[in-house]
Amino acid sequence: MKAFAYFRAENAVDATKLMNQHHGKYIAGGSNLLDLMKLHLEIPEVLIDISRLPLNDVEETSEGGLKIGAMVLNSELAAHPLVRLRYGVLSRALLAGASGQLRNMATTGGNILQRTRCSYFYAPDSACNKRIKGSGCPALHGLNRMHAILGGSAACIAQHPSDMAVAFMALDAVVVTLCLDGSSRQIPLDDFYRLPGLDPQQETVLQFGELIIHIILPPPPMGIHQYYKVRDRASYAFALVSIASIIDIDDRRIRAIRLAFGGIGTIPWRNKQVEEFLVSAPPCYPIFAQAADILLSGAKGAGENDFKIELTRRLLISTLQKAVSGDHS
Ligand code: SF4
17 MKAFAYFRAE
27 NAVDATKLMN
37 QHHGKYIAGG
47 SNLLDLMKLH
57 LEIPEVLIDI
67 SRLPLNDVEE
77 TSEGGLKIGA
87 MVLNSELAAH
97 PLVRLRYGVL
107 SRALLAGASG
117 QLRNMATTGG
127 NILQRTRCSY
137 FYAPDSACNK
147 RIKGSGCPAL
157 HGLNRMHAIL
167 GGSAACIAQH
177 PSDMAVAFMA
187 LDAVVVTLCL
197 DGSSRQIPLD
207 DFYRLPGLDP
217 QQETVLQFGE
227 LIIHIILPPP
237 PMGIHQYYKV
247 RDRASYAFAL
257 VSIASIIDID
267 DRRIRAIRLA
277 FGGIGTIPWR
287 NKQVEEFLVS
297 APPCYPIFAQ
307 AADILLSGAK
317 GAGENDFKIE
327 LTRRLLISTL
337 QKAVSGDHS
């Protein structure tokens, strides 16, 4: 790791002032950035430590939602009584991610900004458009078992690795930021991530130095909250396919539904056409199969990851069938 200067910010305004002055990198839990620095994929000359910012509360909003500080640890958020009671999908997604040790370090703001785990991205000697624009994407014809089947481009097919962001997507989360000029933005998570297109280095709409300070969740939607994750190991493994679901259903129809997917998209994936198709529909296999067709109509494998198309279909259908049968395991 290369030497760097270090500053600790006391509050959010202080952090943005330090960023204006030094043009460094923010560091909170460091659970992804330190890996990148050890491999010299990130070589910041200045680190601005934001881990002590007073942004570690989870509060109820006047609308009945939640305001989650950007420094709330993943383990604290998963165990918070209001999250467990009202936002089960979030608690389940958090506990499906990483390991206990990592969840004790990783923050809410950092989790949604974590970089892909594409093996070429982490190999300094390899070409990679996400690291070096225009250098190429060896994953397109190489090792791509973990890669995305939706949202990819000719430049990059790296999957987004976060579980928490998938639940946030289903919950219509809003990212609140502080910009370097002192202004604040509220960015719906739907608009937060950028598809890779020809410029996979730009992963979000954040501007330089813009600091995530809160995540706002609207009041919890009605329905049973679930997070199912298919992965190679029972823990400490990224999703091959995951699904965050909130389903309100009876014998005759689906009253309301939210669905978001991990492991299959270059960004946490939500296709509202699928939800619109399912709402008011009778809960039966042919309908579920049609929903899967809609979800996967643009899906494209790159060889080793072709299996994800069928796996996603089966996971979606089984999630819907479990909701009908009242199986909440
Ligand atoms: Fe790089 Fe993206 Fe290609 Fe992986 S998939 S090698 S991250 S450009």
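For the sequence shown, position 32 matches number 48 in my numbering, and the numbering has no gaps at all.
Ideal placement from N, C-alpha and C gives every residue a C-beta, glycine not left out.
Identity of the residues DSSP links to residue i by a beta bridge
{"i": "Lys-316", "result": "Per DSSP, none; premise fails for Lys-316."}
{"i": "Leu-82", "result": "Glu-76 and Leu-233"}
{"i": "Asp-65", "result": "Arg-24 and Ile-43"}
{"i": "Val-192", "result": "Gln-202 and His-230"}
{"i": "Leu-89", "result": "Thr-123"}
{"i": "Tyr-209", "result": "Thr-220"}
Range covered by the alpha helix (DSSP H) that runs through residue i
{"i": "Asp-30", "result": "28-38"}
{"i": "Pro-140", "result": "First-last for Pro-140: undefined, no H or E at that position."}
{"i": "Val-221", "result": "Careful: Val-221 lies outside any alpha helix (DSSP H) and carries neither H nor E."}
{"i": "Met-53", "result": "49-54"}
{"i": "Ile-165", "result": "Note, Ile-165: premise wrong, no alpha helix (DSSP H); not H, not E."}
{"i": "Ile-333", "result": "323-341"}
{"i": "Pro-97", "result": "97-102"}
{"i": "Met-17", "result": "Unbroken run through Met-17: none, as it is neither H nor E."}
{"i": "Asp-186", "result": "First, the residue type needs correcting, since residue 186 is Ala and not Asp in the sequence shown. 180-186 is the extent of the alpha helix (DSSP H) around Ala-186."}
Own chain partners of residue i with C-beta closer than 8 Å, once the 5 adjacent residues on each side are dropped
{"i": "His-157", "result": "Ala-318 and Gly-319"}
{"i": "Asp-197", "result": "none"}
{"i": "Glu-26", "result": "Arg-68 and Leu-69"}
{"i": "Gly-347", "result": "In the structure as shown, the chain starts at 17 and stops at 345, and residue 347 therefore has no counterpart that could be examined."}
{"i": "Asn-72", "result": "Gly-85, Met-87, Val-88, Leu-89 and Glu-92"}
{"i": "Glu-226", "result": "Thr-193, Leu-194, Cys-195, Leu-196 and Arg-201"}
{"i": "Ile-310", "result": "Asn-287, Gln-289, Val-290 and Phe-293"}
{"i": "Ala-183", "result": "Tyr-103, Val-105, Leu-106, Arg-108, Ala-109, Leu-110, Tyr-243, Ala-260 and Ala-276"}
{"i": "Thr-132", "result": "Lys-146, Ala-174, Gln-175, His-176 and Pro-177"}
6 Å CB neighbourhood of residue i in its chain, flanking five on each side removed
{"i": "Ile-259", "result": "Tyr-244, Phe-277, Leu-331 and Thr-335"}
{"i": "Ser-91", "result": "Arg-119 and Asn-120"}
{"i": "Ile-43", "result": "Leu-49, Leu-63 and Asp-65"}
{"i": "Ile-263", "result": "Gly-239, Ile-240, Ile-273 and Ala-339"}
{"i": "Arg-108", "result": "Tyr-243"}
{"i": "Lys-83", "result": "Glu-75, Thr-77, His-230 and Ile-232"}
{"i": "Val-351", "result": "What the structure shows of the chain is the stretch from 17 to 345, and residue 351 is not part of that stretch, so it cannot be assessed."}
{"i": "Arg-286", "result": "Met-185 and Ala-276"}
{"i": "Ala-122", "result": "Gly-45, Ser-47 and Asn-90"}
{"i": "Leu-187", "result": "Leu-233"}
{"i": "Ala-181", "result": "Ile-128 and Pro-284"}
Beta-carbon proximity list for residue i, same chain, < 7 Å, skipping 5 on both sides
{"i": "Pro-298", "result": "Arg-268 and Arg-269"}
{"i": "Ile-283", "result": "Gly-167, His-176, Tyr-209 and Leu-211"}
{"i": "Glu-61", "result": "Phe-20, Ala-21 and Gly-40"}
{"i": "Ser-135", "result": "Leu-159"}
{"i": "Arg-362", "result": "Since the displayed the chain opens at 17 and closes at 345, residue 362 lies outside it and no answer follows."}
{"i": "Pro-140", "result": "Leu-55, His-56 and Leu-57"}
{"i": "Leu-312", "result": "Ile-325, Thr-328 and Arg-329"}
{"i": "Thr-32", "result": "Leu-194, Leu-196, Gly-225 and Leu-227"}
{"i": "Leu-34", "result": "Phe-23, Ala-25 and Ile-64"}
{"i": "Gln-130", "result": "Asn-48, Pro-177 and Ser-178"}
{"i": "Asn-145", "result": "Ser-151, Gly-152, Cys-153, Ala-171, Cys-172 and Pro-216"}
Minimum Cβ-Cβ distance from residue i to chain B less than 9 Å
{"i": "Ala-31", "result": "Here chain B cannot be found, since the structure has a single protein chain."}
Runs of alpha helix (DSSP H) wholly within the segment 223-309 (minimum 4 residues, chain order): 288-294
Pocket of ligand 1 defined by Cβ to heavy atom distance under 5 Å: Cys-134, Tyr-136, Phe-137, Cys-144, Asn-145, Lys-146, Cys-153, Ala-155, Cys-172, Ile-173 and Ala-174
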